[in-house]
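Going by our numbering, the sequence shown opens with residue -9, and the numbers climb by one from there.
Every residue, glycine too, gets a C-beta built ideally from N, C-alpha and C.
It should be emphasised that the depicted structure is a prediction, and the values quoted were computed from it without experimental measurement.
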Amino acid sequence: MTTPIPALIEPNTELIKDLVDLGKDLDLGKDLLPQTQIEPEVTEETPNKNVLCDLAEVDRLFITKRLRVKAVLFLRGKKNRFSVRTPDRNLVYTIEEENSWWVGYLCYGLRPLQLRVFNSSSEEVMRINRPYACTSRIFPCQLQNIEVFSPPGRKIGSIEQQWAPVRPIYLVRRQNGDAVFWIQGPRITISFFKDLQFRIQKMDGSHVGSSCKRWQGLLHAMFFAPLHDRYGVAFERHLDVEDKALLLAATLLLEYMYYDG
(Lines of atoms letter the chains of each structure in order from A and count residues from 1; the text may use other names and numbers.)
(Lines give C-alpha, C1' and ligand atoms only; values in the text may rest on other atoms or scores of the structure.)
Protein backbone atom coordinates (compact mmCIF):
# COMPACT_ATOMS: atom_id res chain seq x y z
CA MET A 1 0.00 0.00 0.00
CA THR A 2 1.63 3.24 -1.09
CA THR A 3 1.59 6.44 0.93
CA PRO A 4 -0.24 9.20 -0.87
CA ILE A 5 1.84 12.24 -1.79
CA PRO A 6 0.56 15.33 0.01
CA ALA A 7 -0.64 18.08 -2.17
CA LEU A 8 1.50 21.25 -2.45
CA ILE A 9 0.46 23.98 -0.09
CA GLU A 10 0.23 27.26 -1.86
CA PRO A 11 1.85 30.12 0.06
CA ASN A 12 -0.38 32.76 1.51
CA THR A 13 0.89 35.71 -0.47
CA GLU A 14 -1.24 38.19 1.38
CA LEU A 15 0.19 37.10 4.75
CA ILE A 16 3.75 37.35 3.48
CA LYS A 17 3.09 40.80 2.09
CA ASP A 18 1.68 41.94 5.42
CA LEU A 19 4.75 40.62 7.28
CA VAL A 20 7.12 42.40 4.89
CA ASP A 21 5.26 45.66 5.31
CA LEU A 22 5.34 45.22 9.10
CA GLY A 23 9.10 44.65 9.01
CA LYS A 24 9.61 47.81 7.01
CA ASP A 25 7.55 49.79 9.48
CA LEU A 26 9.53 48.42 12.44
CA ASP A 27 12.87 48.83 10.59
CA LEU A 28 13.85 45.25 11.41
CA GLY A 29 16.11 44.89 8.42
CA LYS A 30 18.72 47.23 9.79
CA ASP A 31 19.02 45.22 12.99
CA LEU A 32 19.26 41.86 11.22
CA LEU A 33 21.74 42.85 8.53
CA PRO A 34 25.41 43.19 9.53
CA GLN A 35 26.46 46.82 9.69
CA THR A 36 29.67 47.92 8.00
CA GLN A 37 31.44 50.75 9.81
CA ILE A 38 33.28 53.08 7.49
CA GLU A 39 36.54 54.22 9.04
CA PRO A 40 37.51 57.82 8.35
CA GLU A 41 40.46 58.09 6.05
CA VAL A 42 43.56 59.05 8.01
CA THR A 43 46.11 61.09 6.11
CA GLU A 44 49.60 61.26 7.47
CA GLU A 45 50.73 64.81 8.13
CA THR A 46 53.65 65.73 5.95
CA PRO A 47 56.34 68.00 7.42
CA ASN A 48 56.16 71.58 6.24
CA LYS A 49 59.75 72.39 5.38
CA ASN A 50 58.94 75.41 3.25
CA VAL A 51 59.40 77.70 6.24
CA LEU A 52 63.10 76.77 6.25
CA CYS A 53 63.59 77.17 2.51
CA ASP A 54 66.13 79.96 3.13
CA LEU A 55 68.57 77.28 4.32
CA ALA A 56 68.25 75.06 1.25
CA GLU A 57 71.28 76.34 -0.70
CA VAL A 58 73.35 77.55 2.25
CA ASP A 59 76.55 75.95 3.55
CA ARG A 60 77.72 78.72 5.91
CA LEU A 61 76.01 81.13 8.27
CA PHE A 62 77.50 84.15 10.04
CA ILE A 63 75.90 85.10 13.35
CA THR A 64 76.22 88.52 14.97
CA LYS A 65 75.12 89.00 18.56
CA ARG A 66 74.07 92.34 20.00
CA LEU A 67 73.05 92.90 23.60
CA ARG A 68 69.86 94.91 23.95
CA VAL A 69 71.38 97.61 26.14
CA LYS A 70 68.14 99.52 26.62
CA ALA A 71 66.50 96.45 28.16
CA VAL A 72 69.40 96.13 30.63
CA LEU A 73 69.36 99.82 31.61
CA PHE A 74 65.61 99.86 32.22
CA LEU A 75 65.73 96.59 34.22
CA ARG A 76 63.81 94.62 31.62
CA GLY A 77 66.28 91.77 31.67
CA LYS A 78 69.44 90.76 29.86
CA LYS A 79 68.35 89.90 26.34
CA ASN A 80 70.27 89.35 23.12
CA ARG A 81 69.38 89.92 19.51
CA PHE A 82 71.05 87.92 16.74
CA SER A 83 71.27 88.48 13.01
CA VAL A 84 72.07 85.51 10.77
CA ARG A 85 73.56 86.22 7.35
CA THR A 86 74.97 84.33 4.40
CA PRO A 87 78.58 84.83 3.20
CA ASP A 88 77.33 87.44 0.70
CA ARG A 89 75.82 89.44 3.62
CA ASN A 90 72.19 88.64 2.83
CA LEU A 91 70.04 88.64 5.95
CA VAL A 92 68.47 85.22 6.55
CA TYR A 93 67.10 85.39 10.09
CA THR A 94 66.65 87.77 12.98
CA ILE A 95 66.54 86.10 16.39
CA GLU A 96 64.97 87.66 19.48
CA GLU A 97 65.55 86.38 23.01
CA GLU A 98 62.68 86.27 25.49
CA ASN A 99 63.03 85.57 29.21
CA SER A 100 61.87 86.73 32.60
CA TRP A 101 63.34 90.08 33.54
CA TRP A 102 65.38 88.84 36.52
CA VAL A 103 66.98 85.62 35.22
CA GLY A 104 69.56 87.42 33.09
CA TYR A 105 70.96 89.23 36.11
CA LEU A 106 71.22 86.09 38.26
CA CYS A 107 71.75 83.14 35.91
CA TYR A 108 73.88 84.81 33.21
CA GLY A 109 74.65 82.34 30.42
CA LEU A 110 72.70 79.52 32.09
CA ARG A 111 69.44 81.46 32.10
CA PRO A 112 66.26 79.81 30.81
CA LEU A 113 65.04 81.46 27.66
CA GLN A 114 63.13 81.23 24.43
CA LEU A 115 64.58 82.25 21.08
CA ARG A 116 62.17 83.31 18.35
CA VAL A 117 63.57 83.14 14.82
CA PHE A 118 62.09 85.41 12.15
CA ASN A 119 62.83 85.40 8.43
CA SER A 120 63.28 88.48 6.25
CA SER A 121 59.49 88.78 5.94
CA SER A 122 59.12 88.99 9.76
CA GLU A 123 57.47 85.56 9.82
CA GLU A 124 58.38 83.36 12.77
CA VAL A 125 59.84 80.19 11.28
CA MET A 126 61.53 78.59 14.28
CA ARG A 127 61.46 78.63 18.06
CA ILE A 128 64.08 77.37 20.49
CA ASN A 129 63.18 76.53 24.09
CA ARG A 130 65.88 76.26 26.72
CA PRO A 131 64.98 75.37 30.32
CA TYR A 132 67.20 76.19 33.25
CA ALA A 133 69.97 73.70 34.02
CA CYS A 134 72.80 74.30 36.47
CA THR A 135 75.62 72.80 34.43
CA SER A 136 79.20 72.25 35.52
CA ARG A 137 81.92 70.46 33.60
CA ILE A 138 83.17 68.65 36.72
CA PHE A 139 79.86 67.86 38.44
CA PRO A 140 77.18 66.88 35.92
CA CYS A 141 74.23 67.75 38.15
CA GLN A 142 72.14 68.98 35.24
CA LEU A 143 72.97 68.85 31.55
CA GLN A 144 71.79 71.22 28.86
CA ASN A 145 68.87 70.14 26.70
CA ILE A 146 67.11 72.45 24.26
CA GLU A 147 64.19 71.73 21.95
CA VAL A 148 63.78 73.17 18.46
CA PHE A 149 60.42 73.76 16.78
CA SER A 150 59.76 74.68 13.16
CA PRO A 151 57.25 76.05 12.56
CA PRO A 152 56.48 76.93 16.20
CA GLY A 153 54.44 74.10 17.67
CA ARG A 154 56.05 71.32 15.60
CA LYS A 155 59.17 69.81 17.14
CA ILE A 156 61.97 68.96 14.72
CA GLY A 157 64.66 67.89 17.18
CA SER A 158 66.78 68.65 20.21
CA ILE A 159 70.36 69.26 21.32
CA GLU A 160 71.54 67.31 24.37
CA GLN A 161 74.72 67.84 26.32
CA GLN A 162 76.70 64.71 27.20
CA TRP A 163 78.82 64.65 30.32
CA ALA A 164 82.53 64.72 29.51
CA PRO A 165 85.23 65.95 31.91
CA VAL A 166 87.72 67.00 29.22
CA ARG A 167 86.03 68.05 25.98
CA PRO A 168 82.43 69.30 25.76
CA ILE A 169 80.21 66.98 23.72
CA TYR A 170 76.68 67.56 22.44
CA LEU A 171 74.30 65.25 20.60
CA VAL A 172 71.93 66.52 17.91
CA ARG A 173 68.76 64.45 17.69
CA ARG A 174 65.89 64.55 15.25
CA GLN A 175 62.25 64.55 16.29
CA ASN A 176 62.06 60.74 16.35
CA GLY A 177 64.97 60.55 18.80
CA ASP A 178 67.62 59.38 16.33
CA ALA A 179 71.04 60.92 16.93
CA VAL A 180 72.22 62.44 13.66
CA PHE A 181 75.28 64.53 14.68
CA TRP A 182 77.61 64.95 17.60
CA ILE A 183 79.55 68.12 18.35
CA GLN A 184 82.90 68.07 20.13
CA GLY A 185 84.59 71.18 21.47
CA PRO A 186 88.19 71.95 22.42
CA ARG A 187 89.68 71.25 25.84
CA ILE A 188 89.95 74.98 26.52
CA THR A 189 86.84 76.90 25.56
CA ILE A 190 88.28 80.35 26.21
CA SER A 191 88.79 82.29 23.00
CA PHE A 192 92.27 83.76 23.43
CA PHE A 193 94.21 84.96 20.36
CA LYS A 194 92.62 82.37 18.09
CA ASP A 195 89.29 81.18 16.73
CA LEU A 196 87.63 78.33 18.59
CA GLN A 197 86.29 75.39 16.60
CA PHE A 198 83.58 72.94 17.64
CA ARG A 199 83.72 69.98 15.26
CA ILE A 200 80.44 68.64 13.86
CA GLN A 201 80.49 64.96 12.92
CA LYS A 202 78.04 62.30 11.88
CA MET A 203 77.56 59.30 14.13
CA ASP A 204 79.95 57.28 11.95
CA GLY A 205 82.72 59.83 12.61
CA SER A 206 82.71 61.55 9.21
CA HIS A 207 83.25 65.30 9.31
CA VAL A 208 80.23 67.48 8.45
CA GLY A 209 81.23 71.00 9.48
CA SER A 210 82.12 73.17 12.44
CA SER A 211 80.84 75.88 14.72
CA CYS A 212 83.29 78.73 15.21
CA LYS A 213 83.85 81.54 17.71
CA ARG A 214 85.68 84.41 16.04
CA TRP A 215 88.66 86.06 17.77
CA GLN A 216 88.37 89.82 17.23
CA GLY A 217 91.28 91.15 19.21
CA LEU A 218 92.24 91.75 22.82
CA LEU A 219 90.49 95.12 23.09
CA HIS A 220 87.24 93.63 21.86
CA ALA A 221 87.52 90.66 24.23
CA MET A 222 88.07 92.92 27.24
CA PHE A 223 85.43 95.60 26.65
CA PHE A 224 83.04 94.87 23.78
CA ALA A 225 82.46 91.10 23.69
CA PRO A 226 79.45 91.20 26.07
CA LEU A 227 77.81 93.84 23.84
CA HIS A 228 78.74 92.64 20.37
CA ASP A 229 80.23 89.35 19.18
CA ARG A 230 80.46 87.13 16.10
CA TYR A 231 80.09 83.43 15.47
CA GLY A 232 79.73 81.12 12.52
CA VAL A 233 78.60 77.66 11.54
CA ALA A 234 79.53 75.69 8.42
CA PHE A 235 78.00 72.45 7.15
CA GLU A 236 77.57 70.43 4.00
CA ARG A 237 75.30 72.07 1.46
CA HIS A 238 73.24 68.94 0.75
CA LEU A 239 72.05 68.49 4.35
CA ASP A 240 68.34 68.57 5.06
CA VAL A 241 67.07 72.04 5.98
CA GLU A 242 65.84 70.78 9.36
CA ASP A 243 69.30 69.39 10.15
CA LYS A 244 70.80 72.77 9.25
CA ALA A 245 68.30 74.46 11.56
CA LEU A 246 69.32 72.12 14.38
CA LEU A 247 73.00 72.98 13.85
CA LEU A 248 72.13 76.68 13.95
CA ALA A 249 70.32 76.12 17.26
CA ALA A 250 73.33 74.19 18.58
CA THR A 251 75.62 77.12 17.74
CA LEU A 252 73.35 79.48 19.67
CA LEU A 253 73.45 77.11 22.66
CA LEU A 254 77.26 77.10 22.57
CA GLU A 255 77.24 80.89 22.56
CA TYR A 256 75.21 81.02 25.75
CA MET A 257 77.19 78.23 27.39
CA TYR A 258 80.69 79.60 26.91
CA TYR A 259 80.69 83.21 25.68
CA ASP A 260 77.67 85.04 27.09
CA GLY A 261 79.39 87.04 29.82
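Beta-bridge pairing of residue i - partner residues as DSSP gives them
{"i": "Asn119", "result": "Gln104 and Glu137"}
{"i": "Lys69", "result": "DSSP output for Lys69 lists no bridge partner at all."}
{"i": "Val223", "result": "Leu51 and Ser201"}
With 16 other Cβ atoms within 10 Å as the buried cut-off, status of residue i
{"i": "Pro158", "result": "buried"}
{"i": "Cys202", "result": "buried"}
{"i": "Asp168", "result": "exposed"}
{"i": "Ala154", "result": "exposed"}
{"i": "Val156", "result": "exposed"}
{"i": "Asn70", "result": "buried"}
{"i": "Leu209", "result": "exposed"}
Simplified DSSP state of residue i, which is helix, strand or coil
{"i": "Ala154", "result": "coil"}
{"i": "Phe213", "result": "helix"}
{"i": "Leu238", "result": "helix"}
{"i": "Leu42", "result": "helix"}
{"i": "Tyr160", "result": "strand"}
{"i": "Tyr83", "result": "strand"}
{"i": "Leu244", "result": "helix"}
{"i": "Leu208", "result": "helix"}
Candidates the options, of which the one nearest residue i by Cα
{"i": "Glu137", "options": "Asn89, Arg101, His218 and Val162", "result": "Val162"}
{"i": "Ser111", "options": "Val82, Arg101 and Trp205", "result": "Val82"}
{"i": "Asn89", "options": "Leu100, Arg79 and Leu209", "result": "Leu100"}
{"i": "Ser196", "options": "Val170, Leu237 and Arg164", "result": "Val170"}
Residue i: CB within 8 Å of a non-hydrogen atom of the ligand GDP
{"i": "Val156", "result": "In the structure on display, the ligand GDP does not appear, and there are no ligands present to speak of."}
Are the region 40 to 52 and the region 223 to 232 in contact at 8 Å, needing three or more beta carbon pairs? Below 8 Å, enough C-beta pairs join the region 40 to 52 and the region 223 to 232 to call them touching: three or more.
Is the region 174 to 194 touching the region 144 to 151 in the sense that three or more CB pairs, one from each, lie closer than 8 Å? No, the region 144 to 151 does not touch the region 174 to 194.
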